[in-house]
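Chemist:
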Amino acid sequence: MPRFAANLSMMYTEHDFLDRFGAAAKDGFQAVEYLFPYDHPAAEIRKRLDEHGLTQALFNAPPGDWAAGERGTAALPGRETEFRSGFARALEYASVIGNDRIHVMAGLVPADADRARCRAVYLENLAYAAASAAAHGVTVLIEPINTRDMPGYFLNLQGDGQAICQQVGAANLLVQFDCYHCQIMEGDIAKKLQRDFAGIGHIQIAGVPERHEPDIGELNYPYLFDVIDQLGYQGWIGCEYRPRAGTSEGLGWLKPYLTRR
Numbered sequence: 001m002p003r004f005a006a007n008l009s010m011m012y013t014e015h016d017f018l019d020r021f022g023a024a025a026k027d028g029f030q031a032v033e034y035l036f037p038y039d040h041p042a043a044e045i046r047k048r049l050d051e052h053g054l055t056q057a058l059f060n061a062p063p064g065d066w067a068a069g070e071r072g073t074a075a076l077p078g079r080e081t082e083f084r085s086g087f088a089r090a091l092e093y094a095s096v097i098g099n100d101r102i103h104v105m106a107g108l109v110p111a112d113a114d115r116a117r118c119r120a121v122y123l124e125n126l127a128y129a130a131a132s133a134a135a136h137g138v139t140v141l142i143e144p145i146n147t148r149d150m151p152g153y154f155l156n157l158q159g160d161g162q163a164i165c166q167q168v169g170a171a172n173l174l175v176q177f178d179c180y181h182c183q184i185m186e187g188d189i190a191k192k193l194q195r196d197f198a199g200i201g202h203i204q205i206a207g208v209p210e211r212h213e214p215d216i217g218e219l220n221y222p223y224l225f226d227v228i229d230q231l232g233y234q235g236w237i238g239c240e241y242r243p244r245a246g247t248s249e250g251l252g253w254l255k256p257y258l259t260r261r
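The numbering of the sequence shown is the UniProt record's numbering, which starts it at 1 and goes up by one.
1. Taking the straight line between their C-alpha atoms, what separation do you get for D196 and M1?
2. Starting from the N-terminal side, write out each stretch of the alpha helix (DSSP H) that is 4 residues or longer and does not extend beyond the stretch 155 to 241.
3. Taking only three categories from DSSP, how would you classify G72?
4. Rank D188, G187, A129, G246 by C-alpha distance to the C-alpha of L174 and give the top, closest one.
5. Does the separation of the CB atoms of residue 276 and Y122 fall below 8 Å?
6. Just how far apart, CA to CA, sit I189 and F29?
7. Is L54 helix, strand or coil by DSSP?
8. Using the Cα positions of W236 and A43, report the straight-line distance between them to the nearest angstrom.
9. By the 10 Å Cβ neighbour count, where 16 or more other Cβ atoms means buried, how is residue 308 classified, buried or exposed?
10. What is the C-beta distance between F4 and Y233, in whole angstroms, given that I count them as a contact (C-beta under 8 Å)?
11. When we look at the beta-carbon of N146 and count the other beta-carbons within 10 Å, is it buried (16 or more) or exposed?
12. Should Y34 go down as buried or exposed, given a rule of 16 or more other Cβ atoms within 10 Å for buried?
13. Which residues in the same chain have their Cβ closer than 6 Å to the Cβ of Q204, if we skip the five residues on either side of it in sequence?
14. Closest to residue 342 by C-alpha separation, out of A31, R48, R242, would be which residue?
15. Could you spell out the range, first to last residue, of the alpha helix (DSSP H) harbouring E33?
16. So, under 8 Å CB-CB, T247 and E14 are touching, yes? Tell me the CB distance rounded to an integer number of Å.
17. Which same chain residues end up closer than 6 Å to G72 when comparing Cβ atoms and leaving out the 5 residues on each side of it in sequence?
18. If you reduce the DSSP assignment to three classes, tell me which class V140 lands in.
19. At which residue ranges does the stretch 75 to 144 contain complete beta strand (DSSP E) runs of 3 or more residues, listed in the order of the chain?
What follows is the structure in structure tokens.
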């Protein structure tokens, strides 16, 4: 049976960030994820997790200057030192917070960029991150992201993500499979989950095309949840969507799964 993690960067935004942990637990979530923890002390986040009996499923390594529009540095030539120091900071947070998965964002690449050079830097940085993370029992994740929401993002397709992981060859480097991004870019989600399952380290969901609740839009998530169960997935499914109205009011889709649990 699927296990769901509330994404606190998109959900419960009617509350201050540190209050979102309690709100998610009150609604029945047993785990949380979010983009970045770095605006708050790691110990304070751990306190909220422990207070509400929550598991930290995932967060992202520092992405560069997010406010200025940057979306990662892993595939950006000349930013290697920044990437490595940022990843070290992510590991420090993970050691306190207790999660074993860190998502590394590739970054935005100009249309005229030397993609071969960007790929080489990406591979080098991922190999470094995976080796550093292995000593802490942490898995590094990369995520194909759609070009509609994030034009210029370096990694867009599931097959490319799997190929990059295979080329790096680290057992703790896996793909973060976001059904929303995959549907927009490629479709055929069930078959891709089946094809790539051995290389998938985390799954996320949202309705398509508006990125609202998973019971809104063109995807049949009950069917996909059955597929995921049949594959034997034991991880968390991150709910990375923007509630159409209030977060709690839109959780009707979740209640049958909480009842079954």
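Beta carbons are placed, not taken as given, at the ideal position from N, Cα and C, and that holds for glycine.
Modeler: Once the coordinates are examined:
1. Counted from its first residue, the sequence shown places residue 196 at position 196. Counted from its first residue, the sequence shown places residue 1 at position 1. Note on geometry: alpha-carbon atoms of D196 and M1 lie some 20 Å from one another.
2. For secondary structure counted as the alpha helix (DSSP H) over 4 or more consecutive residues, the stretch 155 to 241 holds these complete runs in sequence order: 158 to 168, 179 to 185, 189 to 196, 221 to 231.
3. One-based indexing of the sequence shown puts residue 72 at position 72. The answer is strand: DSSP assigns G72 an E or B state.
4. Position 174 of the sequence shown holds residue 174. Nearest option by C-alpha distance: A129.
5. With the chain represented from 1 up to 261, any question about residue 276 goes unanswered, as that position is not in the structure.
6. Your numbering for residue 189 matches position 189 in the sequence shown. Your numbering for residue 29 matches position 29 in the sequence shown. Spanning the alpha carbons of I189 and F29 requires a straight line of approximately 25 Å.
7. One-based indexing of the sequence shown puts residue 54 at position 54. Correct three-state label for L54: coil.
8. Your numbering for residue 236 matches position 236 in the sequence shown. Your numbering for residue 43 matches position 43 in the sequence shown. Looking at the two C-alpha atoms, the distance is approximately 23 Å.
9. Nothing can be reported for residue 308, as the shown portion of the chain is limited to 1 through 261.
10. To locate residue 4, count along the sequence shown from 1; it is residue 4. To locate residue 233, count along the sequence shown from 1; it is residue 233. Going by Cβ atoms, the distance from F4 to Y233 rounds to 12 Å, so no, they are not a contact pair.
11. Numbered from its first residue, the sequence shown carries residue 146 at position 146. Result: buried.
12. As a first step, residue 34 is located in the sequence shown; it is residue number 34 there, counting from the start. The residue is buried, with at least 16 neighbouring Cβ atoms inside 10 Å.
13. The count along the sequence shown starts at 1 and reaches residue 204 at position 204. Cβ-Cβ distances below 6 Å link Q204 to D178, G238, E240 in the same chain, with the five nearest sequence neighbours on each side left out; the list follows chain order.
14. What the structure shows of the chain is the stretch from 1 to 261, and residue 342 is not part of that stretch, so it cannot be assessed.
15. The residue labelled residue 33 in the question sits at position 33 within the sequence shown. Here E33 belongs to no alpha helix (DSSP H); instead the beta strand (DSSP E) covers 31 to 33.
16. By 1-based counting over the sequence shown, the position of residue 247 is 247. By 1-based counting over the sequence shown, the position of residue 14 is 14. Right, the Cβ-Cβ distance comes to about 7 Å (below 8 Å), so this counts as a contact.
17. Walking along the sequence shown from the start, residue 72 turns up at place 72. Close CB contacts of G72 within its chain, under the 6 Å cut and outside five residues either way in sequence, are with P63, M105, A106, G107 (chain order).
18. Here residue 140 is taken as the residue at index 140 of the sequence shown, counted from 1. If DSSP states are grouped into helix, strand and coil, V140 belongs with the strands.
19. If one requires a minimum length of 3 residues, the beta strand (DSSP E) runs lying completely within the stretch 75 to 144 are 101 to 103, 139 to 142, in chain order.
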